[in-house]
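So the structure is just underneath, and the comments pick up after that.
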Amino acid sequence: MASLWDNYMVTEAYDEMRCSENQARPSSSRLSSYLGTLDREALDVRKTAADLAIMEMGITFTVYSDEGNIDRAWPFDIIPRIIEYREWLRVEEGLKQRLKALNCFINDIYNEQLFIKEGLIPASIISSSTNFLKECVGMQPRFGTWANICGSDLVRDKDGTLYVLEDNLRVPSGVSYMIENRVITKKVFPELLQDLDVLPVDDYSAHLLEMLVSIAPEHSDIPRIAVLTPGIYNSAYFEHAFLAQQIGAELVEGADLLVQDDDCVYMRTINGMEKVDVIYRRIDDQFLDPEVFRKDSMLGVRGLLRAWKAGNVSLANAPGSGVADDKVVYTYVPEMIRYYLNEEPILPNVPTYLCSDPEQLVYVLAHLDELVVKPANESGGYGMLVGPHATKKEIEEFRKIIKDQPRNYIGQPTLALSTCPTLCDNHLEPRHIDLRPFILQGENSFVTAGGLTRVALKKGSLVVNSSQGGGSKDTWIINTGT
Amino acid sequence: MLSRSAERLYWLARYLERTENTARLLSVYMNLMFDMPMGVEVSWRNLLTIFGAEQAFLKLYEIPNEQNTMSFLLTDTANPGSLFSCLNAARENIRTSRELMPDEAWQQVNEMYLFAKNNVDTAANRRGRVLILNEIMRGCQCFTGFLSGAMSHDDALRFIRLGRSIERADMTTRILDIASVILADDRSDKTRQYENAMWMNVLKSLSALLMYRKHGRHRIRSGDVLDYLLKDPDFPRSVVHCINEVEAYIKRLPRSEVLTDNLATLLSSLMATDIYHITPVQLHKLLDDIQVRLGVTHNQIASTWFLAAH
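Line by line, the protein sequences are chains P and G. At position 430 of the first sequence (counting the first as 1) the number is 430 in the working numbering, and the numbers step up by one without a gap. At position 97 of the second sequence (counting the first as 1) the number is 1097 in the working numbering, and the numbers step up by one without a gap.
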């Protein structure tokens, strides 16, 4: 019988499952040989079962430009991605370390600004950051944690090294899909999960709840928690509802909340007004409070910042956390770890060229055809240039934009993102992937076991965002016991 | 609980109950029509009357034959009252209140929606239609089952049951309205001949046939059927039973004092009516009054608990 692996070609990129055409990596050998026993038809049956489960469970996301059809089924690839447990332990430590340092940095920036005073970062980088909110100066959230929920993107290069590509500290999404992906895998490959020691992922919600309770204002005994969503048309609405359900919180929209004269936040309930203590907000800073930020925001709550500053409500993540979610500030994270924690960074950054630095700008402009150039502030894979895949015209257009606003751009070498076998028309082909683990920090720190593996479903593509044709995979942290 | 959530759950329940009732009514009506010989004054048009949708129908179709009526009431999403439209609305309400109820409840509604969406074409023939209607009725029952077995009997469930009972009472009055057709003074002898069969189908459309019989009335007579479906305190789809339920749920919700008067008035005037000696015109008026009173209660619910109340 023909094996699914017969025509599988590893490329120059690191393949997560196969070290050569004929050889599986040790952590993947069990899955690899199991897949080898399936024929195309058997695989197709499982693929169909997964698609059906996704439809019936209603796992959806929304695409902004899509009209009519609000929610789309979540594109899921049934072949899991495997990471060895011992490697993961190190990654977990590295991520906790990183978020701790980032929180120290944010707290410092809004208070003493020692990092600037010591000359470790130019003051102009902070003052020119659109994510630095002067309204937050002087605030000290509980435990000094501003970014309580972080989604960091990790990529693996040719040589097998895992790099941190960025830290999403504003309203990172995807964790619900991580949990649902496992639910689907349990339906599709029940026999495999029985034989392998795969770490569970569904304890995330318990840790999220624990974290939210820990950051509640001290006067609240049993804090009332709400998840604030921009509403049913938001692309991540599914996730907001999912998380609210998992932690037993109210799912509220701006219109459900009201800040009264006592500077406390109340929600409109069938009993009248009820006080809210902790808000897990999934609305960007700029829309949070029309009294302070964008006046035209219909999504936010008038007076919310006032209530937060009075210490009557905790917000996760705290407003202003985004100051560290900036691809220019990102380059200083290793230095933050050394400065605040007095430790060496466990996880490396991707080498990054700052266009704001005249020398580095010259290098970037001279190597546009090799580099990935990204705006410092956008997320979702928008507005970036992948040099090796771009046309001459696109490169020239970017050259102009970069020269106009050098502070807003950074350049990075084009990493050959690692690949993972992915089901393409009922056979397996390598596709590029990344990994987004989620890190929590309140009174304690927590990292998800694995995270959301995103996969670029188009051959050769390096763009994994779901809004741009990406899919996702279940991620297995496997203890092989060796 | 949030006012917004209360509103969504209430509407979820109304739409789902409407979906189920529509399925049951269409299914029974199809059976009835298959039995009726030619020349009996019961037509597909009567079905449109029950839904109060004759005018809306004529905007979209010309002839009220089986094909058109069924398509209008079952699958046509241009008709906001069609079964598929109600199911869509129910799904949208539950999609946006998933954090409030067990996952199985959402999945049940979502599966029904997907099933309906994938089977629009088969609804064109009688056999396909029967299958769809059965599946929908089964699905709605499953939903109700999940909730009673897995959801706390708290305010959230009370809003669901409140919506369901109001919708149910409303539907029973609409179905009974067809009695004014069956009993019309100028009905033909042939129609009189099939009267029993029609009453039997009215009972069936409310799943009431067996319970009616067990109630001690072996014969099916118009007065008895009407009295049973309007006033029986125990049958879950009788108007009085539904109103009693509405009242009970309302009383257990906060700040409900102002809502009970209207229901009390409705109950006392219904109980004072002698159903056995009522003319078709008086019956029609009575049913109309009940619907208006239910509308008043609905408005009171909205202005007491929903988002617009704040």
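No residue lacks a Cβ here, since even glycine has one placed at the ideal position from N, Cα and C. Predicted model only: the values in this text are computed from it and were never measured.
Closest residue to residue i among the options (Cα-Cα distance)
| i | options | result |
| --- | --- | --- |
| residue 459 of chain P | P:421, P:126, P:282, P:440 | P:421 |
| residue 8 of chain P | P:386, P:423, P:216 | P:423 |
| residue 1288 of chain G | G:1309, G:1299, G:1266 | G:1266 |
| residue 1091 of chain G | G:1108, G:1305, G:1076, G:1066 | G:1108 |
| residue 1250 of chain G | G:1219, G:1159, G:1277, G:1202 | G:1159 |
| residue 248 of chain P | P:237, P:227, P:394, P:29 | P:227 |
| residue 13 of chain P | P:477, P:461, P:74, P:479 | P:461 |
| residue 1014 of chain G | G:1144, G:1261, G:1183 | G:1144 |
| residue 190 of chain P | P:265, P:267, P:272, P:78 | P:78 |
| residue 257 of chain P | P:234, P:243, P:305, P:219 | P:305 |
| residue 255 of chain P | G:1115, G:1309, G:1084 | G:1309 |
| residue 162 of chain P | P:145, P:95, P:399, P:259 | P:95 |
| residue 90 of chain P | P:347, P:427, P:135 | P:347 |
| residue 325 of chain P | P:408, P:44, P:417 | P:408 |
| residue 1261 of chain G | G:1081, G:1247, G:1272, G:1135 | G:1247 |
| residue 1206 of chain G | G:1238, G:1213, G:1033 | G:1238 |
| residue 218 of chain P | P:126, P:341, P:443 | P:443 |
| residue 289 of chain P | P:253, P:271, P:46, P:37 | P:253 |
| residue 238 of chain P | P:274, P:185, P:173 | P:173 |
| residue 447 of chain P | P:211, P:354, P:296, P:45 | P:211 |
| residue 1031 of chain G | G:1234, G:1199, G:1053 | G:1199 |
| residue 431 of chain P | P:42, P:17, P:6, P:403 | P:17 |
| residue 80 of chain P | P:329, P:192, P:375 | P:192 |
| residue 182 of chain P | P:76, P:445, P:309, P:365 | P:76 |
| residue 1226 of chain G | G:1210, G:1234, G:1202 | G:1202 |
| residue 245 of chain P | G:1097, G:1306, G:1174, G:1213 | G:1097 |
| residue 1187 of chain G | G:1040, G:1087, G:1035, G:1009 | G:1040 |
| residue 1307 of chain G | P:127, P:51, P:271, P:370 | P:271 |
CB of residue i within 7 Å of CB of residue j, strictly
| i | j | result |
| --- | --- | --- |
| residue 251 of chain P | residue 1104 of chain G | no |
| residue 263 of chain P | residue 316 of chain P | no |
| residue 1114 of chain G | residue 57 of chain P | no |
| residue 229 of chain P | residue 1001 of chain G | no |
| residue 196 of chain P | residue 72 of chain P | no |
| residue 151 of chain P | residue 131 of chain P | no |
| residue 1085 of chain G | residue 1077 of chain G | yes |
| residue 199 of chain P | residue 433 of chain P | no |
| residue 1208 of chain G | residue 1137 of chain G | no |
| residue 435 of chain P | residue 154 of chain P | yes |
| residue 146 of chain P | residue 106 of chain P | yes |
| residue 412 of chain P | residue 372 of chain P | yes |
| residue 1142 of chain G | residue 1016 of chain G | no |
| residue 398 of chain P | residue 175 of chain P | no |
Per DSSP, cross-strand counterpart(s) of residue i
| i | result |
| --- | --- |
| residue 424 of chain P | P:427 |
| residue 353 of chain P | P:411 |
| residue 252 of chain P | P:228 |
| residue 23 of chain P | P:20 |
| residue 269 of chain P | P:272, G:1002 |
| residue 478 of chain P | P:84, P:198 |
| residue 76 of chain P | P:472 |
| residue 385 of chain P | P:373 |
| residue 156 of chain P | P:162 |
| residue 136 of chain P | DSSP, once it has assigned bridges, lists no residue as partnering residue 136 of chain P. |
| residue 1086 of chain G | BP columns for residue 1086 of chain G are empty, so no partner. |
Any non-hydrogen atom of the ligand FMN closer than 6 Å to residue i Cβ
| i | result |
| --- | --- |
| residue 1168 of chain G | In terms of ligand content, the structure shown is empty, and the ligand FMN therefore cannot be addressed. |
Contact between the region 1280-1287 of chain G and the region 1252-1264 of chain G (3+ Cβ pairs under 8 Å): no
Cβ pair count under 8 Å reaching 3, the region 296-304 of chain P against the region 99-114 of chain P: no
Cβ contact (3+ pairs, closer than 8 Å) linking the region 1018-1034 of chain G and the region 111-128 of chain P: The region 1018-1034 of chain G makes no contact with the region 111-128 of chain P: fewer than 3 CB pairs, one atom from each, lie closer than 8 Å.
Completely contained alpha helix (DSSP H) runs for the region 159-197 of chain P, where each covers 4 or more residues: Segments of the alpha helix (DSSP H) lying fully in the region 159-197 of chain P: 175-188, 190-195.
Stretch pair the region 268-280 of chain P + the region 315-329 of chain P: three plus CB contacts closer than 8 Å: yes
The region 446-459 of chain P / the region 471-478 of chain P touching (three or more Cβ pairs under 8 Å): yes
Any beta strand (DSSP E) of 3 or more consecutive residues that is wholly inside the region 303-383 of chain P: 314-316, 371-375
Segments of 3+ residues assigned as beta strand (DSSP E) that fall wholly inside the region 427-462 of chain P: 427-436, 438-441, 445-447, 452-456
Cβ pair count under 8 Å reaching 3, the region 12-27 of chain P against the region 81-93 of chain P: yes
Minimum length 4: unbroken alpha helix (DSSP H) runs contained in the region 1102-1148 of chain G: 1103-1118
Contact between the region 1154-1172 of chain G and the region 1229-1244 of chain G (3+ Cβ pairs under 8 Å): Enough Cβ pairs lie closer than 8 Å, so yes.
Cβ contact (3+ pairs, closer than 8 Å) linking the region 1122-1131 of chain G and the region 1064-1072 of chain G: yes
Entirely enclosed alpha helix (DSSP H) segments - the region 1219-1243 of chain G, minimum 4 residues: 1222-1231
4 or more residues per run - each alpha helix (DSSP H) lying fully within the region 1015-1064 of chain G: 1044-1050, 1054-1060
Three-pair Cβ contact test at 8 Å for the region 385-396 of chain P versus the region 347-358 of chain P: These segments do not touch.
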